[in-house]
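> So the sequence shown is residues 0 to 361, counted in numbering that gives the first Met the number 0. The C-beta atom is built at its ideal place from N, Cα and C for all residues, glycine as well.
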Amino acid sequence: MSCVVTLAFILLTGCNDQKIIEQLGIVSLISYDDISESEEHKMKVTAVIPDYSIEATSEQEILEAEASLMKEAEEKLANQTRQKLVNGQIRSVIFGEDLASKGIKDIIQAMEREQEIGSRVKAMVAEGEAVAILKSTGVENIGDYMEKMIKKAAEEYLVPNSDIHIFYRDLLDDGIDPVTPLIGLTEGRANLKGTALFKDDRYVGSLNSELSRIFLTLYGKVNSSELTVKMPDGEHMRYINFNYNESDRDVKVKKKGKDITGIEIKIDLKGSVLEDTKEGVISSPEESKKIEKLTEDYITQNGEKVLSILKENRTDSLGLKQYVRNSLSFKEWKALDKDSILQTTPITLSVDVKVKDTGMMQ
0 MSCVVTLAFI LLTGCNDQKI IEQLGIVSLI SYDDISESEE HKMKVTAVIP
50 DYSIEATSEQ EILEAEASLM KEAEEKLANQ TRQKLVNGQI RSVIFGEDLA
100 SKGIKDIIQA MEREQEIGSR VKAMVAEGEA VAILKSTGVE NIGDYMEKMI
150 KKAAEEYLVP NSDIHIFYRD LLDDGIDPVT PLIGLTEGRA NLKGTALFKD
200 DRYVGSLNSE LSRIFLTLYG KVNSSELTVK MPDGEHMRYI NFNYNESDRD
250 VKVKKKGKDI TGIEIKIDLK GSVLEDTKEG VISSPEESKK IEKLTEDYIT
300 QNGEKVLSIL KENRTDSLGL KQYVRNSLSF KEWKALDKDS ILQTTPITLS
350 VDVKVKDTGM MQ
């Protein structure tokens, strides 16, 4: 008899849990787009809600509202569904390009203050309108897809790991500017495009996927990643897959008296060559040295492109000003024209690559 009662309790509990879930509109992904042409400070807020009901005909529901404030948008979204909207499971927030270029501090700040929203919500910028990502084709649950895609890309150092907490922390730090992943559509499907660069809280420029890998190498310690090195080798182009699992960045500020005369960035990488388009197996020290030189040249050339783009957009996404700040007194730092540091200070980049082994190559 007791077994029957226990089984009945378990079944009833399961049914009640299902009903509770079905009564909740659990937002997994939210986006913000600028529509201020129709009215000042107006934005379109779009939310993705996975549908867990038994009778569901699709895996998600998409709600839209136009508002000037986050809370106003939440009320309008809630009025469109029979479920109670909850924000505790938001995994990602996407900002449309136009809105991000005007500044996203107010939204990030409001999300940071919202106790129900976790600080680990991934932040990203979309090329064009963010709502287009939410309505992209080929994915049944876009919220789950974006969360997993960004998590995997950040772990592989393809894009920066930027959640709303990291973004807000860097926003408040006068020695660095925030960055986020940049996403877009290719043939109607959402994918990674590179890195979005910010000046304070305004989106000002971007790095493509290739330069994003170089940027992250310059940004700091990378646990494990890889580069496809494309360099001229004699009369032909040579392609090398360099997998590195040891990296280090050292930044030195050069001074003459109280004046900043230069910034030196030194990158050390150690890894293996897993693939090479040059025929034959590399075994000689001379050939290993040649690969190291090709890889160093590739990183240096593209690293200088990254620095040029940062200077052009007057942003310090690498946090070089943090090192300048640490070399000065508080009074000297406060008196410094911080926005002109990267524009007026010579920045040199040196790269040292060590090939530990050549792995397996064709």
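The alpha helix (DSSP H) that contains residue 287, what's its start and end?
Here residue 287 refers to the residue found at position 288 when the sequence shown is read from its first residue. It spans 284-311 - the alpha helix (DSSP H) in which residue 287 sits, taken as one unbroken run.
> When DSSP builds the beta bridges, which residues end up paired with residue 205?
What you label residue 205 is simply residue 206 of the sequence shown in a count that begins at 1. Its beta-bridge partners are 195.
> Ordered along the chain, which non-local residues of its own chain (more than five positions away) have a Cβ less than 8 Å from that of residue 245?
In the sequence shown, residue 245 corresponds to position 246, counting from 1. Annotation for residue 245: 267, 268, 269, 270 place their beta carbon closer than 8 Å to its own, counting only its chain and skipping 5 residues before and after.
> Which value, in whole angstroms, describes the spacing of the CA atoms of residue 82 and residue 23?
Residue mapping note: residue 82 aligns to position 83 of the sequence shown, counting from 1. Residue mapping note: residue 23 aligns to position 24 of the sequence shown, counting from 1. C-alpha separation (whole angstroms): 5 Å.
> Could you tell me the alpha carbon to alpha carbon distance between residue 216 and residue 172, rounded to whole angstroms?
For the purposes of this step, residue 216 is taken as residue 217 along the sequence shown, with counting starting at 1. For the purposes of this step, residue 172 is taken as residue 173 along the sequence shown, with counting starting at 1. Just so you know, the alpha carbons of residue 216 and residue 172 end up roughly 21 Å apart.
> Going by DSSP, what residue range makes up the alpha helix (DSSP H) through residue 157?
Locating residue 157 in the sequence shown gives position 158, counting from the first residue. Unbroken run through residue 157: none, as it is neither H nor E.
> Would you mind working out which of 180, 132, 205 sits nearest residue 157, comparing C-alpha positions?
By 1-based counting over the sequence shown, the position of residue 157 is 158. Minimum Cα distance to residue 157 is reached at 180.
> If you measure from the beta carbon of residue 255 to each beta carbon in chain D, is any gap under 8 Å?
Absent here is chain D; the protein component of the structure consists of one chain.
> Less than 8 Å between the C-beta atoms of residue 98 and residue 145, yes or no?
Here residue 98 corresponds to residue number 99 of the sequence shown, with the count starting at 1. Here residue 145 corresponds to residue number 146 of the sequence shown, with the count starting at 1. No, the pair does not count as a contact, with Cβ atoms beyond the cut-off.
> Suppose you measure from the CA of residue 53 to the CA of residue 110; what does that come to, to the nearest Å?
The residue labelled residue 53 in the question sits at position 54 within the sequence shown. The residue labelled residue 110 in the question sits at position 111 within the sequence shown. Interpretation of residue 53 is limited by its pLDDT of 48, a score under 50 that renders its predicted location unreliable; the figure taken from the coordinates is listed afterwards. Between residue 53 and residue 110, the C-alpha separation is close to 32 Å.
> For residue 139, name the three-state secondary structure that DSSP assigns.
Counting from one through the sequence shown, the residue named residue 139 turns up at place 140. Looking at residue 139 - three-state DSSP - the assignment turns out to be coil, as it is neither helix nor strand.
> Quick check on residue 78: buried or exposed, where buried means 16 or more other Cβ atoms within 10 Å of its Cβ?
Along the sequence shown, one-based indexing puts residue 78 at 79. Counting Cβ neighbours within 10 Å, residue 78 comes out exposed, since fewer than 16 surround it.
> Which residues in the same chain as residue 355 place their Cβ atom closer than 8 Å to its Cβ, once the five residues preceding and following it in sequence are excluded?
The residue you call residue 355 lines up with position 356 of the sequence shown. For residue 355, where only same-chain residues beyond five positions count, the Cβ hits under 8 Å are 269, 270, 271.
> To the nearest angstrom, how far is the alpha carbon of residue 44 from that of residue 250?
Looking up residue 44 in the sequence shown gives position 45. Looking up residue 250 in the sequence shown gives position 251. Going by the C-alpha atoms only, they are around 41 Å apart.
> Could you name the residues of the same chain whose beta carbon sits closer than 7 Å to that of residue 187, not counting the 5 residues immediately before and after it, in chain order?
In the sequence shown, counting from the first residue as 1, residue 187 sits at position 188. Taking C-beta separations shorter than 7 Å and ignoring five residues to either side along the sequence, the partners of residue 187 in its chain run 135, 136, 137, following chain order.
> Check whether the Cβ atoms of residue 319 and residue 341 sit closer than 8 Å, and answer yes or no.
Here residue 319 refers to the residue found at position 320 when the sequence shown is read from its first residue. Here residue 341 refers to the residue found at position 342 when the sequence shown is read from its first residue. Yes, the Cβ-Cβ distance between residue 319 and residue 341 is below 8 Å.
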